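Student: The listed protein sequences correspond, in order, to chains V and E. So the first sequence is numbered by my numbering: it starts at 990 and just counts up by one. So the second sequence is numbered by my numbering: it starts at 105 and just counts up by one. All C-beta atoms, glycine included, are put in the ideal place defined by N, C-alpha and C. Predicted model, so just to flag it, every value in this text is computed and none were measured.
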Amino acid sequence: MKTVYKKPECIGNKKPNSYCPGCMHSIVVRLVAEVLEELNVVNSSVMFAGVGCDGNGAFGYLDIDTVISPHGRALAVASAYKRCNPENVVFTYQGDGDLIAIGCAETMHAANRGENVTVIFVNNAQYGMTGGQMAPTTLAGMKTTTTPYGRDPKADGAPMHVCEILDTLDNPTFLARGTCTDPKNIIQTKKYIKQAFQNQLEGKGFSLGEIVSACPSNWGLSPLKSIDFINEKMLPEYPLGIVRDR
Amino acid sequence: MGKVVITADMCKSCRYCLTACKKDVIALASKSNRFGYKPVEVVNPDACIGCGMCAIMCPEAAIEVYKD
Ligand SMILES: Cc1ncc(C[n+]2csc(CCOP(=O)(O)OP(=O)(O)O)c2C)c(N)n1
Ligand code: SF4
Ligand code: SF4
Ligand code: SF4
Ligand SMILES: [Mg+2]
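1) What ranges does the alpha helix (DSSP H) occupy inside the region 1045-1077 of chain V, keeping only unbroken runs of at least 4 residues that lie completely in it?
2) Helix, strand or coil for Tyr120 of chain E per DSSP?
3) Output the distance between the C-alpha atoms of Cys1169 of chain V and Ala1047 of chain V, rounded to the nearest integer angstrom.
4) Cys1042 of chain V: beta carbon under 6 Å from a heavy atom of ligand 1?
5) Quick check on Leu1088 of chain V: does DSSP put it in helix, strand or coil?
6) What does DSSP give as the partner residue(s) for Asp1234 of chain V in the beta ladder?
7) Under 7 Å, Cβ to Cβ, is there at least one residue of chain E near Tyr994 of chain V?
8) Could you compute how far the alpha carbon of Ile167 of chain E sits from the alpha carbon of Ile1176 of chain V?
9) What is the rounded straight-line gap between the Cα of Pro1212 of chain V and the Cα of Ala131 of chain E?
10) Looking at chain E, is there any beta carbon in it that lies within less than 7 Å of the beta carbon of Ser1015 of chain V?
11) Just to confirm the assignment, what range does the beta strand (DSSP E) spanning Tyr57 of chain E have?
12) Find the residues of chain E that neighbour Arg1271 of chain V, judging by a C-beta separation of less than 9 Å, and give them in chain order.
13) Return the CA-CA distance between Ile1240 of chain V and Asp128 of chain E, expressed in angstroms with no decimal places.
14) Is there a C-beta anywhere in chain V that falls below 7 Å from the one on Arg119 of chain E?
15) Tell me whether Asn1207 of chain V, by its Cβ, gets closer than 6 Å to a heavy atom of ligand 7.
16) Return yes when at least one heavy atom of ligand 5 lies under 6 Å from the C-beta of Gly1039 of chain V, else no.
17) List the whole-angstrom C-beta distance separating Gly1011 of chain V from Tyr141 of chain E, where the pair is believed to meet the contact cut-off of C-beta under 8 Å.
18) Based on the DSSP secondary-structure assignment, which residues constitute the bridge partners of Ser1034 of chain V?
19) From the beta carbon of Met1118 of chain V, is the nearest beta carbon of chain E less than 7 Å away?
20) Apply the 10 Å Cβ neighbour rule to Lys1143 of chain V and answer buried if 16 or more other Cβ atoms are within range, or exposed otherwise.
21) What does Ile982 of chain V touch in chain E if you count any residue whose Cβ is under 9 Å from its own?
Printed below as a string of structure tokens:
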């Protein structure tokens, strides 16, 4: 019989998957592993993992060289590493708190410099690892531990759209947003991730794939209800598709 | 004709695969795996068309799919 799907060889060898049931980080890490294997760059890749469930779960589960820098600094460290080691494939794996809250400056300037790195950005609308605090991406009205009455855009700011904000800069090459709510969207998201890596191999510069993702544990929803929440609430705020492709 | 192989101890019972399978090949088992999750098992093997959609949805990469 011909193989239709088999677990990528570069995940789950040293450490089991420690994400919660239905956490979409697990799907995104799996897609990254599939893409690295398809591009035959597993051994030449280095992951710069963010601080949060993003890096905590990916570190060791994705069985490749990994660097964890202080919270939010992944793109600064990855920029330096890539400039010193251009032969390596360099990517960051960051959450919304890491990438656009504490790491906002690093993200803006790495994108503005057009660093030739790949960014995998998991937007789950809050800080997952620390128990569900508001992030810049939290939806208006969404309850979190730090917005117990719901996020008030007047007082707390409105949701920040990373792809659209970076689209105001000259140098980024590729900005796209996917999700993992059904097989069709997962296949599309994998294409975005693959293109973000291919661009780096072709020396094209800063490429970011944003993935609108579920955090069932802090959302207080079952995995299936989390998919409904993404479809009904997240996607109207964060529309899917390519924002820039140069 | 397709064939799915599920590693029960890798399953966390999220049910994502169940939403992807349009052929009712798989269902939640009644007995827990060794981590306390009720894993998905194959209940209707002959209906499987080997489309792979269940595996594409699985966060745990717990499903292997083969096809003739
Ligand atoms: C300098 C510093 N400040 C705060 C923290 C606490 N902290 C750890 S993870 C995290 C937020 C992570 O959120 P996000 O990046 O969205 O990742 P997620 O867990 O949602 O995947 C925070 C605030 C820290 N580790 N270091
Ligand atoms: S807390 Fe949320 S983001 Fe963290 S592993 Fe659990 S579901 Fe995933
Ligand atoms: S391969 Fe297709 S038909 Fe077979 S169990 Fe998976 S989703 Fe169902
Ligand atoms: S998608 Fe994977 S982890 Fe979730 S219920 Fe199905 S087999 Fe189990
Ligand atoms: Mg987050």
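Tutor: With the given structure in hand:
1) Counting only runs of 4 or more, we get 1063-1073.
2) helix
3) 17 Å
4) yes
5) helix
6) Answer by DSSP bridge pairing, in chain order: V:Phe1163.
7) yes
8) The straight-line gap from Cα to Cα measures roughly 16 Å.
9) 16 Å
10) yes
11) Because chain E in this structure spans residues 105 to 172, residue 57 of chain E falls outside the shown range and cannot be described.
12) No statement about residue 1271 of chain V is possible, as the shown extent of chain V runs from 990 to 1235 and does not include it.
13) In the structure as shown, chain V starts at 990 and stops at 1235, and residue 1240 of chain V therefore has no counterpart that could be examined.
14) Interface residue, yes.
15) The model on display carries ligand 1, ligand 2, ligand 3, ligand 4 and ligand 5 but not ligand 7.
16) no
17) With a Cβ gap of about 11 Å, Gly1011 of chain V and Tyr141 of chain E do not count as contacting.
18) V:Val1078
19) No, its Cβ sits nowhere closer than 7 Å to a Cβ of chain E.
20) Counting Cβ neighbours within 10 Å, Lys1143 of chain V comes out exposed, since fewer than 16 surround it.
21) Outside the shown range of chain V, which is 990 to 1235, sits residue 982 of chain V, and nothing can be said about it.
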